[in-house]
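Number of protein chains: 2
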Amino acid sequence: MSENSGSTSTNIFVAKLSSYIDLSIEEHQVIEELTQNSMAFDEGQDIIFESEKNSSAYLLQSGWAIRYKIVPDGGRQIISYLLPGDIFGFRESLFELSDDSVQALTPVIVHCIPAENIAEICDSHTNLSLAFTWARAREQAILTEHIVRLGRRNAYERLGHLLLELLHRLQLVEKAGNSDYFLPLTQEVLADTLGLSIVHVNRTLRKLRNDLMIELDPKTRRLRILDVDALSEATGYDQSFLDQNEKPSRSPQDAIGFEEK
Amino acid sequence: MSENSGSTSTNIFVAKLSSYIDLSIEEHQVIEELTQNSMAFDEGQDIIFESEKNSSAYLLQSGWAIRYKIVPDGGRQIISYLLPGDIFGFRESLFELSDDSVQALTPVIVHCIPAENIAEICDSHTNLSLAFTWARAREQAILTEHIVRLGRRNAYERLGHLLLELLHRLQLVEKAGNSDYFLPLTQEVLADTLGLSIVHVNRTLRKLRNDLMIELDPKTRRLRILDVDALSEATGYDQSFLDQNEKPSRSPQDAIGFEEK
DNA sequence: TATCAAGGGTAACCTATGTAAATGCGCTGT
DNA sequence: ACAGCGCATTTACATAGGTTACCCTTGATA
Numbered sequence: 001m002s003e004n005s006g007s008t009s010t011n012i013f014v015a016k017l018s019s020y021i022d023l024s025i026e027e028h029q030v031i032e033e034l035t036q037n038s039m040a041f042d043e044g045q046d047i048i049f050e051s052e053k054n055s056s057a058y059l060l061q062s063g064w065a066i067r068y069k070i071v072p073d074g075g076r077q078i079i080s081y082l083l084p085g086d087i088f089g090f091r092e093s094l095f096e097l098s099d100d101s102v103q104a105l106t107p108v109i110v111h112c113i114p115a116e117n118i119a120e121i122c123d124s125h126t127n128l129s130l131a132f133t134w135a136r137a138r139e140q141a142i143l144t145e146h147i148v149r150l151g152r153r154n155a156y157e158r159l160g161h162l163l164l165e166l167l168h169r170l171q172l173v174e175k176a177g178n179s180d181y182f183l184p185l186t187q188e189v190l191a192d193t194l195g196l197s198i199v200h201v202n203r204t205l206r207k208l209r210n211d212l213m214i215e216l217d218p219k220t221r222r223l224r225i226l227d228v229d230a231l232s233e234a235t236g237y238d239q240s241f242l243d244q245n246e247k248p249s250r251s252p253q254d255a256i257g258f259e260e261k
Numbered sequence: 001m002s003e004n005s006g007s008t009s010t011n012i013f014v015a016k017l018s019s020y021i022d023l024s025i026e027e028h029q030v031i032e033e034l035t036q037n038s039m040a041f042d043e044g045q046d047i048i049f050e051s052e053k054n055s056s057a058y059l060l061q062s063g064w065a066i067r068y069k070i071v072p073d074g075g076r077q078i079i080s081y082l083l084p085g086d087i088f089g090f091r092e093s094l095f096e097l098s099d100d101s102v103q104a105l106t107p108v109i110v111h112c113i114p115a116e117n118i119a120e121i122c123d124s125h126t127n128l129s130l131a132f133t134w135a136r137a138r139e140q141a142i143l144t145e146h147i148v149r150l151g152r153r154n155a156y157e158r159l160g161h162l163l164l165e166l167l168h169r170l171q172l173v174e175k176a177g178n179s180d181y182f183l184p185l186t187q188e189v190l191a192d193t194l195g196l197s198i199v200h201v202n203r204t205l206r207k208l209r210n211d212l213m214i215e216l217d218p219k220t221r222r223l224r225i226l227d228v229d230a231l232s233e234a235t236g237y238d239q240s241f242l243d244q245n246e247k248p249s250r251s252p253q254d255a256i257g258f259e260e261k
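Chains as they are written, first to last, in the UniProt record's numbering: chain B, 1 to 261; chain E, 1 to 261.
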């Protein structure tokens, strides 16, 4: 872990938020300031270990990370993926609830917003508060989908469904092409995500390849989904749970989104 | 669904919150007011159907409900249980994310807090805002545990683990004895929660009975866990994810819970 | 009293997925 | 060039859990 100064002019968070909220110039600046200090982690390093009673928020600038939990028998369950542009960690919970950890899957750069600053930022900038709210709601939607995936789908559907979700999420931050992206996951990671064994992930991946659903180059780790519609159909994938349609106006009432049906 | 006037003097929400937050007298009163209007639902009725773009919050006064999702092939996955004292629905998401539904499992009484009132209440009453924050964090911890349960445990462990979680959550609101409670769930509901078939739930339940882990009277629907420690051990249950230890002071800084290690 | 539906229980059989073990390939370090 | 490691791949075999089908009890309704 080292200190850097991040100075990208086209900020990924500004870009992401702007797609659904009209940010004021001042809010732009706040975000730019927040992302000045960055921390780098190497592949395999823990960013947060068992929650550490740390309720700071983190902005993931680049790289992939996972939130995971270890079970008594030593197994690992991956709870969720953190991709560029994601906010995480802001438990805001004063209590020690879940004790999960966050680990870098690739080299990663994050910006930390100390817990004591969060309340202040939210109070003074409606739209940034909205951003947190939205991030939480989105995270919950993703967790919900993961539960459905684990509870009600077979291996083939689980894998295809996950690959589609990742494609879709990466596209939202311009990290994926029309149907392909860089997938830095070993089969072991996939297994720990989907509640399967490594061997069965391998089998299922082969089947997806044989069915001409995907192409995966083990060298470059580039994944291509050959027929998004067919795979969506086959795995029951419905991308609407990630959609974020309308740009709401900036007035608080409308922001709650109650009036208009 | 009918309108009633709820007028319990010992309010379940006051009781629940008081156990970990020092409420002001004024806050007591706000809660009492919020819980004046109540709505009743019968077993099987939908309380929220596919999110309905409704971001109101609901307080569950009495009864059991489930949050669930239907998959394309007609199957149902139950995402979470809502028990007396729980807050739900406050998506606060202006976007249509997850489209899950909430349904009453028993006759249920809820109090509704319209979306347009939530912001106002949170602004003027720090501790009530805290209550929402806490409810969200808790819900996420429960979802996380559910993911681990589905991904990394076998049928026996899943069932035992769930029964322990319910015991624990009910105890927190005085709805369970030391080791027994009223369990209004059919085997079908259990199956849809745990990603199992009905038949296998039946088999597994029998096994738990044979192992003298539980007693379940199908007439009264009373469940007794005969040896909580043994069952916890056998199913990898660790109740800490639900614990809510210290009463934080009421000042905002402390509320974030950052300073004290 | 007869009927019906919902839920629990059980048995026979089938299959998706797990486990164990061995092979190969492509890195990295020496 | 070689050893060694991480990861993907494949085969053979074992088993947890799914499917189908049927019966029983109970309680509601006619």
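We put the beta carbon where it would ideally sit given N, CA and C, even for glycine. Quick caveat, the model's predicted, so the values are computed rather than measured.
For residue i, which of the options has the nearest alpha-carbon?
{"i": "E:L194", "options": "E:D243, E:S80, E:K219", "result": "E:S80"}
{"i": "E:V189", "options": "E:I25, E:T10, E:T106", "result": "E:T106"}
{"i": "E:I109", "options": "E:D46, E:E215, E:E116, E:A119", "result": "E:D46"}
{"i": "E:L82", "options": "E:N202, E:V102, E:T144, E:D22", "result": "E:V102"}
{"i": "E:L164", "options": "E:D99, E:L23, E:I225", "result": "E:I225"}
{"i": "B:D73", "options": "E:S240, E:L242, E:Q239, E:A234", "result": "E:A234"}
{"i": "residue 283 of chain E", "options": "E:T10, E:S18, E:R203, E:D99", "result": "Nothing in the structure corresponds to residue 283 of chain E, since chain E is present only between 1 and 261."}
{"i": "E:I147", "options": "B:R67, B:P114, B:E174", "result": "B:R67"}
{"i": "B:A104", "options": "B:G236, B:E43, B:D227, B:F132", "result": "B:E43"}
{"i": "E:P114", "options": "E:L59, E:A141, E:R136, E:R138", "result": "E:L59"}
{"i": "B:Y20", "options": "B:S240, B:N127, B:G89, B:I142", "result": "B:N127"}
{"i": "B:L166", "options": "B:Y156, B:S179, B:A15", "result": "B:S179"}
{"i": "B:R221", "options": "B:S197, B:R149, B:Q29, B:A176", "result": "B:A176"}
{"i": "E:L212", "options": "E:D227, E:V201, E:L143", "result": "E:D227"}
{"i": "E:F49", "options": "E:D99, E:D217, E:V201, E:N210", "result": "E:D99"}
{"i": "B:L23", "options": "B:G63, B:L130, B:A40, B:R209", "result": "B:L130"}
{"i": "E:T186", "options": "E:K207, E:N210, E:K219, E:N11", "result": "E:K219"}
{"i": "B:Y237", "options": "E:V71, E:A40, E:I12", "result": "E:V71"}
Indicate whether at least one CB of chain E lies closer than 9 Å to the CB of residue i.
{"i": "B:L128", "result": "no"}
{"i": "B:A230", "result": "no"}
{"i": "B:A137", "result": "yes"}
{"i": "B:Q253", "result": "Here the model assigns B:Q253 a pLDDT of 38, short of 50, so the residue's position is not dependable, and the following value carries that caveat. For B:Q253, the answer is yes, since a Cβ of chain E falls inside 9 Å of its Cβ."}
{"i": "B:S24", "result": "no"}
Does the beta carbon of residue i sit closer than 9 Å to a beta carbon anywhere in chain B?
{"i": "E:I147", "result": "yes"}
{"i": "E:T193", "result": "yes"}
{"i": "E:T204", "result": "no"}
{"i": "E:T186", "result": "no"}
{"i": "E:L162", "result": "no"}
{"i": "E:G236", "result": "yes"}
{"i": "E:K69", "result": "yes"}
{"i": "E:F241", "result": "yes"}
{"i": "E:A15", "result": "no"}
{"i": "E:R91", "result": "yes"}
Using the beta-carbon of each residue, which ones in chain E are nearer than 8 Å to residue i?
{"i": "B:L143", "result": "Q140, L143, T144, I147"}
{"i": "B:I79", "result": "T144, I147, V148"}
{"i": "B:G75", "result": "R152"}
In chain E, what lies closer than 7 Å to residue i by C-beta?
{"i": "B:L150", "result": "I147, L150, G151, G195"}
{"i": "B:D100", "result": "T144"}
Would you mind telling me which residues of chain B sit closer than 7 Å to residue i, beta carbon to beta carbon, in chain order?
{"i": "E:P72", "result": "G236"}
Round the Cβ separation of residue i and residue j to the nearest angstrom and send it over; I've been treating them as touching at under 8 Å.
{"i": "B:N37", "j": "B:H125", "result": "Going by Cβ atoms, the distance from B:N37 to B:H125 rounds to 19 Å, so no, they are not a contact pair."}
{"i": "B:A141", "j": "B:F241", "result": "5 Å"}
{"i": "B:S56", "j": "B:G89", "result": "6 Å"}
{"i": "E:Q61", "j": "E:I12", "result": "7 Å"}
Open item on the list: To test your reading of the DSSP string, which unbroken alpha helix (DSSP H) runs of 4 or more residues are found completely within the region 94–167 of chain E?
Closed with: Complete alpha helix (DSSP H) runs here, min 4: 115–124, 126–152.
- [ ] Please list the segments of the alpha helix (DSSP H) lying wholly inside the region 162–212 of chain B, counting only runs of 4 or more residues, in order along the chain.
- [x] Taking 4 residues as the shortest admissible run, the region 162–212 of chain B contains the following complete alpha helix (DSSP H) segments, listed from N- to C-terminal end: 187–194, 198–210.
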